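Undergrad:
In the working numbering, the protein residues as written are 13 to 186.
1. Just how far apart, CA to CA, sit residue 14 and residue 175?
2. What alpha helix (DSSP H) runs, 4 residues minimum, are completely inside the stretch 42 to 101?
3. Using the C-alpha atoms, what's the distance from residue 93 back to residue 119?
4. Determine the contact status of residue 64 and residue 49, defining contact as a CB-CB distance below 9 Å.
5. Measuring alpha carbon to alpha carbon, tell me which of 166, 177, 156 and 98 ends up nearest residue 40.
6. Tell me the rounded alpha-carbon separation between residue 99 and residue 154.
7. Could you say if the stretch 139 to 149 and the stretch 80 to 94 meet the contact criterion of at least three C-beta pairs nearer than 8 Å?
8. Any idea what DSSP makes of residue 106, helix, strand or coil?
9. In chain order, what residues of the same chain lie with their CB nearer than 8 Å to the CB of residue 128, ignoring the 5 residues before and after it?
10. Find out if the Cβ-Cβ distance for the pair residue 97, residue 53 is shorter than 9 Å.
11. In three-state DSSP terms, what is residue 111?
12. Using the three-state DSSP reduction, which class does residue 39 fall into: helix, strand or coil?
13. Taking 6 Å as the limit between beta carbons, can you name the residues of its chain near residue 69, skipping five residues before and five after?
14. Please report the straight-line C-alpha distance between residue 35 and residue 79, rounded to a whole angstrom.
15. Apart from the five residues on each side of it in sequence, which residues of its chain come closer than 8 Å, Cβ to Cβ, to residue 112?
And the structure:
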């Protein structure tokens, strides 16, 4: 029964990644998908977090309003978002997000920055490699990723208490 519950939750969170990506598609480089994937990793571990990120981003990359991405870009996006799941698992396992409010706020903000980096680094490298010239394209796309970093600096600390609440509830279940 426990495995079925986990599969259901992974599917639900992957769908949430897809739906939230649609909802934020008009806003460039702003996506709550980073937080959802991080939360899945924090709540259920690295593998479920990877699955949430990979499935959700694969759906979004293929079925989005702008059309499917080029295959190398699609793979970089799937890998990049999938890396956010283990980031959440690492933060839970290492108790980075403990202590007072200021420390938890700071740790959640750092988690948001790491998730942004883990997504955009492979995507920006692949994009620059594919569409050339490499360095100008890489630095411009990295600068544009700053929008996402700023968004995650705000969203992760604001929404992290909800993840703590869900984790406490999950810990009580048999």
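Ideal Cβ positions, reconstructed from N, Cα and C, are used throughout, including at glycine. Please read all numbers here as calculations on a predicted model, not as lab measurements.
TA: With the structure as the only source:
1. Cα to Cα, residue 14 sits roughly 20 Å from residue 175.
2. Contiguous alpha helix (DSSP H) elements confined to the stretch 42 to 101 occur at 45 to 56, 58 to 74 and 83 to 94, taking only those with 4 or more residues.
3. Between residue 119 and residue 93, the C-alpha separation is close to 19 Å.
4. Residue 49 sits close to residue 64, with the two beta carbons spaced by under 9 Å.
5. Considering only alpha carbons, the answer is 156.
6. Distance between the alpha carbons of residue 99 and residue 154: 20 Å.
7. They touch, by the three-pair rule.
8. The DSSP-derived three-state label of residue 106 is coil.
9. Shown here for residue 128: same chain residues with a beta carbon closer than 8 Å to its own, the five before and five after excluded, namely 46, 157, 160, 161 and 164 in chain order.
10. The answer is yes: Cβ separation under 9 Å.
11. It is coil, neither helix nor strand.
12. In the structure shown, residue 39 adopts coil according to DSSP, grouped into three states.
13. Same-chain partners within the cutoff: 89, 90 and 93.
14. In a straight line, the C-alpha of residue 35 is about 16 Å away from that of residue 79.
15. For residue 112, where only same-chain residues beyond five positions count, there are no Cβ hits under 8 Å.
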